[in-house]
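Beneath this line is the structure, given in C-alpha cells, with notes to follow.
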Amino acid sequence: MSLRLIIIIAFCALLLASFAQGQTIKSKTAPEFSLKDINGKKVTLKEYYGEGPVYISFWAIWCKPCREELKIIQGLYEKYEECGFKVLAINTDGPKAGGKIKSFVKSNGWSFNILIDNDGEVFRRKYKGFALPYTVMTDPEGNIVFTTIGFKPGDEKHVEELILEHIPQTTCAIEETEAED
Amino acid sequence: MKKYIAVLAGGVFCLLSLADSCPAQEDYWSVSAANWMQYWYFEDSFNFAEARRDSLDNRFIVDFDLGDFYAGVWLRILQLNRPDESSEETTQRYFGWRQNGFNIHAGNFYQVFDRGLTLNTFIDDNVYYDNNLDGIKASGLYDRFDFDFLSARGLESTTGERDYIFRGARGAVRPVDPFKIGFSYVRFKRNDFMNVNRSLNSNITGFNSRFVMGPIDLYGEYAVRRGKKPNPFTEGNGDGTYLSASLVFEKISLFSEYKNIINLIYPNPQNRFNAPPPASHSGRTLTDLAGAPGERGYQVGILISPTFDLNFEFAYSEAFSRSTPVDYYLGEKFAGVRWSATSDLIMNYSWDRIDYAFGFSGEDEIENYFDAYYYWRYNVTLSLAAFTRRFIPEGSEDYHENYLTLGFGLANKFQLNLGGSTSNWDTNPEGDPKKLAFIELTVRFPNHELVIFNGGERGGLICSSGICQSRPTFQGTRIVLFSRF
Numbered sequence: 556m557s558l559r560l561i562i563i564i565a566f567c568a569l570l571l572a573s574f575a576q577g578q579t580i581k582s583k584t585a586p587e588f589s590l591k592d593i594n595g596k597k598v599t600l601k602e603y604y605g606e607g608p609v610y611i612s613f614w615a616i617w618c619k620p621c622r623e624e625l626k627i628i629q630g631l632y633e634k635y636e637e638c639g640f641k642v643l644a645i646n647t648d649g650p651k652a653g654g655k656i657k658s659f660v661k662s663n664g665w666s667f668n669i670l671i672d673n674d675g676e677v678f679r680r681k682y683k684g685f686a687l688p689y690t691v692m693t694d695p696e697g698n699i700v701f702t703t704i705g706f707k708p709g710d711e712k713h714v715e716e717l718i719l720e721h722i723p724q725t726t727c728a729i730e731e732t733e734a735e736d
Numbered sequence: 008m009k010k011y012i013a014v015l016a017g018g019v020f021c022l023l024s025l026a027d028s029c030p031a032q033e034d035y036w037s038v039s040a041a042n043w044m045q046y047w048y049f050e051d052s053f054n055f056a057e058a059r060r061d062s063l064d065n066r067f068i069v070d071f072d073l074g075d076f077y078a079g080v081w082l083r084i085l086q087l088n089r090p091d092e093s094s095e096e097t098t099q100r101y102f103g104w105r106q107n108g109f110n111i112h113a114g115n116f117y118q119v120f121d122r123g124l125t126l127n128t129f130i131d132d133n134v135y136y137d138n139n140l141d142g143i144k145a146s147g148l149y150d151r152f153d154f155d156f157l158s159a160r161g162l163e164s165t166t167g168e169r170d171y172i173f174r175g176a177r178g179a180v181r182p183v184d185p186f187k188i189g190f191s192y193v194r195f196k197r198n199d200f201m202n203v204n205r206s207l208n209s210n211i212t213g214f215n216s217r218f219v220m221g222p223i224d225l226y227g228e229y230a231v232r233r234g235k236k237p238n239p240f241t242e243g244n245g246d247g248t249y250l251s252a253s254l255v256f257e258k259i260s261l262f263s264e265y266k267n268i269i270n271l272i273y274p275n276p277q278n279r280f281n282a283p284p285p286a287s288h289s290g291r292t293l294t295d296l297a298g299a300p301g302e303r304g305y306q307v308g309i310l311i312s313p314t315f316d317l318n319f320e321f322a323y324s325e326a327f328s329r330s331t332p333v334d335y336y337l338g339e340k341f342a343g344v345r346w347s348a349t350s351d352l353i354m355n356y357s358w359d360r361i362d363y364a365f366g367f368s369g370e371d372e373i374e375n376y377f378d379a380y381y382y383w384r385y386n387v388t389l390s391l392a393a394f395t396r397r398f399i400p401e402g403s404e405d406y407h408e409n410y411l412t413l414g415f416g417l418a419n420k421f422q423l424n425l426g427g428s429t430s431n432w433d434t435n436p437e438g439d440p441k442k443l444a445f446i447e448l449t450v451r452f453p454n455h456e457l458v459i460f461n462g463g464e465r466g467g468l469i470c471s472s473g474i475c476q477s478r479p480t481f482q483g484t485r486i487v488l489f490s491r492f
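Top line first, the protein sequences correspond to chains A and B.
Start counting the first sequence at 556; every next residue gets the next number (my numbering).
Start counting the second sequence at 8; every next residue gets the next number (my numbering).
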C-alpha cells in the first residue's frame, strides 16, 4: 500500500509541476539526433531548423493510424512546404521493414523525408516514446510546441493551427489568408 | 528502493519546477521525463489464494543533458495480480557523450547490426519483449561510412541474470554512390552451468551489400555462425542468407524478400539476440511459432496507387522449415485497399489468410477487416471499425470471432469508442464469454494522454517483430496515463 502511495504522490507532484509550467513544454528543445534516410544518407535534425515548424512523426508499417496520419500530413506538407513547414517521418519497424519500406512510402505518395531508427534508440530513449503513432512538433528554433500519441482523422485541424502559428511572418503569404478564415 | 524513488521523484519535481525560471536551461542543460502508468482492475481474478484483483505497471524515465553529455535512468514498478510477481527496479541506466556523429555510450542500450542476422536487440511492448544489452559502445555515423563497437552483457531469461557476454563490431562504407558494403561480427559467450569446462560460445560473422539507384534498391546479407556444442540438443554451427529487392515507379511498386537460415539464431529461438526479417506480412515466422531451427521462405508484393487517394496492396509469402522431424509450413496471402472516396470519407479494407501446417496438424486463419472515418464537422470525426476472424483447425470444427467498434472524436481533445465482439467457439479452453462489450475514453491534454477502458477485450495470438504471444482475454477496467514533463 505504501508503494502505491509513493507512486501516486510522485506522479501528482510531476503532474502539478507540469501544469504549473503553463500546459506547454515550450522550454524544452527537441533532442538532437542523426539517422540514415531510406537511401542510406545521414540526416541531422538541426539541419531542419530555421525556416519553419518541424513535424517529427514516429511510425511503423504495421501501424494503421500511422499510415492515416502521414497520408493526411502529406496534404499539409504540400500546402505549407513553401512556407518552411518540414516533416520528418521516423520509421521504427527495425530491420524487418527494410525490404518493403521504399515501396510502401512511394505507394502512399509521401514526399517528405523518411528516416530509419533501426534499434529504437531515438524513439524509446531520446524521445521517450511508448506507443505509435507518436508525434513531436517544434517551432523553427527547435523548441517543442506539441506532442501527442495516437492519431485520428480530424487531429490535423489542430496541427494546422499550430503550423500557422509558427510559420515565420516573412516567408509565407498563405498564413494571412488562412488566419483570416 | 522506495526511499530512492521518492528522493528521485522529489528531485525531478524540484528541477522541473525551477526549469522555467532558469534561463540557462535552454542553452546548456535540460531535464526531461516521461511516465507511463497502466492500472488494471480484473473482474475475474486468478485462482490463487492470495490473488489480487488489480495490477499496476508504472514506468518512469528521466534524462539529464549537459552540453554534449547525457545521462538517464528508467524505473519500473510492477505489481501484478499474482503472488510473488511484483518488482520495483531500475531497469535501465546509462550515460554518454556525443559530438559530430560520434557517440560513446555506457550502460543499457539497444543495437541492431544491419538487418539483424548477427545482432538484433530491441524492445517491443506489443509482445513484452526486451533484450537490451548492458555495457559500453562506441558509434560513428558519417556521410560515407558508419561503425559500431560494443562490449556488453545480455539477460538470460531463465536465470534473470546477465550471463551472456557479447563483443561485437560492424562497419559500412559507401565508396561510390550506388554501392554500399559492410561487415559485422559478434562473439557470444556463456559459461555453461551444466558443465564448467565448456561454454556456449558462438562467433557470428556477416557481410552485406546494398545497391541503390533510381527505382532500384537491392540488398543482400550473409552470416555464418561457428560455435561449440555444449550439449547434444544445441547445434553450434549454422548460417543465414537474407536478400531483398524493390522496384519503385510512380504508380506501381514491387518488393520481394528471401531468407534461408539454419542454426543461425543464438542462443535459442525463445531468448534470442539475432534474427533475420520475418519476410511475411503479419510478421510470423516458423522459428518462433514452432521453434524450428531453420527455415527457408520468401515474400513478394505489389503496391498500386492509381491516385493519391486510392491504394492497393497485395502480398504473398511462404516459409518451409529446415531440419525438423516433420515438415512445417507457413503461408500468407494479403490484399488491402485504402480509398479516400471524398474529402470527408476515408475507408480501408483488407483480407488476410494465413495457413499453418505443423506435421499432421495445422490451422488456417482468415481475417476480413474494414474501417472508415467520416468528417462530420470541421474537427469532429465519426469512425467505424469492423472485422471478422475465421479459424479453421485441422480435424475439428471451425469457428469465428466478430468485432465492431464505433468512435466519436473531437480533434486532439478526446475520443470515445464503443465496441464489442462475439465468438462461436464452443470449446474455448479458457472459457471466455461469447459476447464482450467495452467503452473506451481517451482524453488528451497538452502533455498527457488518459485512456479509460471498461468492459471486455478478447485475447488471442499477438505477433510483432517476429515474436508471437498468446494474450488472455481481459475483462474489467484499465486506466492508462502517459505523461511527458
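Using N, Cα and C, we set each Cβ at its ideal position, and we do this for glycine too.
Whole-angstrom C-beta distance between L157 (chain B) and N138 (chain B), which should lie under 8 Å
Residue numbering aside, residue 138 (chain B) sits at position 131 when the second sequence is read from its first letter. Residue numbering aside, residue 157 (chain B) sits at position 150 when the second sequence is read from its first letter. The beta-carbon distance between N138 (chain B) and L157 (chain B), rounded to whole angstroms, is 14 Å. This is too long to meet the 8 Å contact definition.
State the Cα-Cα distance for the pair I188 (chain B) and D224 (chain B), rounded to the nearest angstrom.
The count along the second sequence starts at 1 and reaches residue 188 (chain B) at position 181. The count along the second sequence starts at 1 and reaches residue 224 (chain B) at position 217. If I take the Cα positions, the gap works out to 14 Å.
For D224 (chain B), which beta-bridge partners are listed by DSSP?
The residue given as residue 224 (chain B) occupies position 217 in the second sequence. Looking at the DSSP output, D224 (chain B) shares a beta bridge with B:V219, B:S253.
Just the C-alpha distance for R303 (chain B) and F280 (chain B), rounded to the nearest angstrom, thanks.
In the second sequence, the residue the question calls residue 303 (chain B) occupies position 296. In the second sequence, the residue the question calls residue 280 (chain B) occupies position 273. Roughly 20 Å separates the two Cα atoms.
When you compare only the Cα positions, how much space is there between Q118 (chain B) and E404 (chain B)?
Here residue 118 (chain B) refers to the residue found at position 111 of the second sequence. Here residue 404 (chain B) refers to the residue found at position 397 of the second sequence. Roughly 45 Å between the two C-alpha positions.
Any C-beta of chain A within less than 7 Å: which residues of the segment 276-300 of chain B qualify?
Cβ contacts with chain A come from P284, P285, G290.
Taking 8 Å as the cut-off, decide whether the C-beta atoms of I172 (chain B) and K196 (chain B) are in contact.
On the second sequence, residue 172 (chain B) is found 165 positions in, with the first residue counted as 1. On the second sequence, residue 196 (chain B) is found 189 positions in, with the first residue counted as 1. Result yes, Cβ atoms of I172 (chain B) and K196 (chain B) sit closer than 8 Å.
Would you list the residues sitting across from A342 (chain B) in a DSSP beta bridge?
Counting from 1 along the second sequence, the entry for residue 342 (chain B) is found at position 335. Beta-bridge partners assigned by DSSP to A342 (chain B): B:F321, B:W358.
Hey, could you find the ends of the beta strand (DSSP E) Q106 (chain B) is sitting in?
Mapped onto the second sequence, residue 106 (chain B) falls at position 99. Q106 (chain B): member of the beta strand (DSSP E) spanning 93-106, first to last residue.
Which residues, in chain order, does the segment 376-396 of chain B contribute to contact with chain A at a C-beta distance below 8 Å?
Against chain A - using a Cβ distance shorter than 8 Å - the residues of the segment 376-396 of chain B are D378, Y380, Y382, Y385, N386, V387, T388, S390.
DSSP-derived helix/strand/coil call for D131 (chain B)
Within the second sequence, numbered from 1, the residue matching residue 131 (chain B) stands at position 124. Looking at D131 (chain B) - three-state DSSP - the assignment turns out to be strand.
Consider the Cβ of K634 (chain A): report whether some Cβ of chain B lies at a distance smaller than 8 Å.
Translated into the one-based positions of the first sequence, residue 634 (chain A) becomes position 79. Chain B contact via Cβ: absent.
Between the beta-carbon of V193 (chain B) and the beta-carbon of T125 (chain B), is there less than 8 Å?
Along the second sequence, read from residue 1 onward, the residue named residue 193 (chain B) stands at position 186. Along the second sequence, read from residue 1 onward, the residue named residue 125 (chain B) stands at position 118. Taking a C-beta distance under 8 Å as the contact criterion, V193 (chain B) and T125 (chain B) qualify as a contact pair.
Touching by the beta-carbon criterion (3+ pairs, under 8 Å), the segment 422-430 of chain B and the segment 444-454 of chain B
In short, these stretches touch, since the Cβ pair count reaches three.
Using a Cβ-Cβ cut-off of less than 8 Å, give me the residues of the segment 701-713 of chain A that come near chain B, in sequence order.
Listed in sequence order: F701, T702, T703, I704, G705, K707, P708, G709, D710, E711, K712, H713.
Please classify C618 (chain A): does DSSP put it in a helix, a strand, or coil?
On the first sequence, residue 618 (chain A) is found 63 positions in, with the first residue counted as 1. Three-state result, C618 (chain A): coil.
Run through chain B and tell me which residues come within less than 8 Å of W617 (chain A), C-beta to C-beta.
Start at 1 with the first residue of the first sequence, and residue 617 (chain A) comes out as number 62. Near W617 (chain A) (Cβ distances below 8 Å), the residues of chain B are G290, S471.
Closest by CA to F71 (chain B), which one among B:E370, B:W81, B:N375, B:N65?
Locating residue 71 (chain B) in the second sequence gives position 64, where the first residue counts as 1. Restricting attention to B:E370, B:W81, B:N375, B:N65, the CA atom closest to the CA of F71 (chain B) is found in B:W81.
A348 (chain B): buried (16+ other C-beta within 10 angstroms of its C-beta) or exposed?
Along the second sequence, read from residue 1 onward, the residue named residue 348 (chain B) stands at position 341. Exposed.
Status (buried if at least 16 other CB within 10 Å, exposed otherwise) for M220 (chain B):
Translated into positions along the second sequence, residue 220 (chain B) becomes position 213. Exposed.
Flag H721 (chain A) as yes if its beta-carbon sits less than 8 Å from any beta-carbon of chain B, otherwise no.
As a working mapping, residue 721 (chain A) is identified with position 166 in the first sequence. No, because no Cβ of chain B sits closer than 8 Å to the Cβ of H721 (chain A).
Using a Cβ-Cβ cutoff of 7 Å, what residues of the segment 136-158 of chain B are near chain A? List them in chain order.
Along the segment 136-158 of chain B, the positions whose C-beta sits under 7 Å from a C-beta of chain A are L148, Y149, D150, read in chain order.
Residue ranges of each beta strand (DSSP E) run of no fewer than 3 residues wholly in the segment 346-429 of chain B, ordered along the chain?
Taking only runs of at least 3 residues, the beta strand (DSSP E) segments lying wholly in the segment 346-429 of chain B are 352-365, 368-382, 387-400, 406-417.
Give the range of the beta strand (DSSP E) segment to which T449 (chain B) is assigned.
What you label residue 449 (chain B) is simply residue 442 of the second sequence in a count that begins at 1. For T449 (chain B), the enclosing beta strand (DSSP E) starts and ends at 442-452.
Which residue comes first and which comes last in the alpha helix (DSSP H) that contains K661 (chain A)?
For the purposes of this step, residue 661 (chain A) is taken as residue 106 along the first sequence, with counting starting at 1. From DSSP, the alpha helix (DSSP H) with K661 (chain A) extends over 656-663.
Beta-carbon neighbours of D186 (chain B), restricted to chain A and to distances below 8 Å:
By 1-based counting over the second sequence, the position of residue 186 (chain B) is 179. The sequence shown places Phe at residue 186 (chain B), not Asp. Within chain A, no residue comes near F186 (chain B); the closest Cβ sits about 10 Å away, beyond 8 Å.
Is the CB of T690 (chain A) under 8 Å away from at least one CB in chain B?
In the first sequence, counting from the first residue as 1, residue 690 (chain A) sits at position 135. Between T690 (chain A) and chain B, the shortest Cβ-Cβ separation is not below 8 Å.
Just to confirm my understanding: we take L717 (chain A), look at its own chain, exclude 5 residues before and 5 after, and list those with CB closer than 8 Å. What are they?
Taking the first residue of the first sequence as 1, we reach residue 717 (chain A) at position 162. Cβ contact annotation for L717 (chain A) (same chain, cutoff 8 Å, sequence separation greater than five): P608, M692, V700, F701, in chain order.
To which residues of the same chain is S350 (chain B) closer than 8 Å at the C-beta, ignoring the five residues directly before and after it?
The count along the second sequence starts at 1 and reaches residue 350 (chain B) at position 343. Correct list, in chain order: Y382.
What do you reckon, are the CB atoms on Y380 (chain B) and P688 (chain A) nearer than 8 Å?
Reading the second sequence from its first residue, position 373 is the one you call residue 380 (chain B). Reading the first sequence from its first residue, position 133 is the one you call residue 688 (chain A). Cβ atoms of Y380 (chain B) and P688 (chain A): not closer than 8 Å.
Take every Cβ of the segment 120-136 of chain B, pair it with every Cβ of the segment 91-108 of chain B, and state whether three or more of those distances are shorter than 8 Å.
When Cβ pairs closer than 8 Å are counted between the two stretches, the segment 120-136 of chain B is seen not to touch the segment 91-108 of chain B, the count staying below three.
As a quick exercise: from B:A159, B:R169, B:D170, B:R151, pick the residue whose alpha carbon is nearest that of F186 (chain B).
The residue labelled residue 186 (chain B) in the question sits at position 179 within the second sequence. Minimum Cα distance to F186 (chain B) is reached at B:R151.
Supposed contact pair E464 (chain B) and F489 (chain B) - C-beta distance, whole angstroms, cut 8 Å:
Residue 489 (chain B) sits at position 482 when you count from the first residue of the second sequence. Residue 464 (chain B) sits at position 457 when you count from the first residue of the second sequence. With 8 Å as the limit, F489 (chain B) and E464 (chain B) do not qualify as a contact, their Cβ atoms being about 19 Å apart.
Among B:R360, B:P332, B:V255, B:P453, whose alpha-carbon lies nearest the alpha-carbon of L310 (chain B)?
Within the second sequence, residue 310 (chain B) is the residue found at index 303, counting from 1. It is B:V255 whose Cα lies nearest to the Cα of L310 (chain B).
Using DSSP's beta-bridge definition, name the partner residues of G234 (chain B).
Taking the first residue of the second sequence as position 1, residue 234 (chain B) is located at position 227. Bridge partners of G234 (chain B): B:S209.
Could you say if the segment 259-278 of chain B and the segment 672-681 of chain A meet the contact criterion of at least three C-beta pairs nearer than 8 Å?
The segment 259-278 of chain B makes no contact with the segment 672-681 of chain A; the number of CB pairs closer than 8 Å stays below 3.
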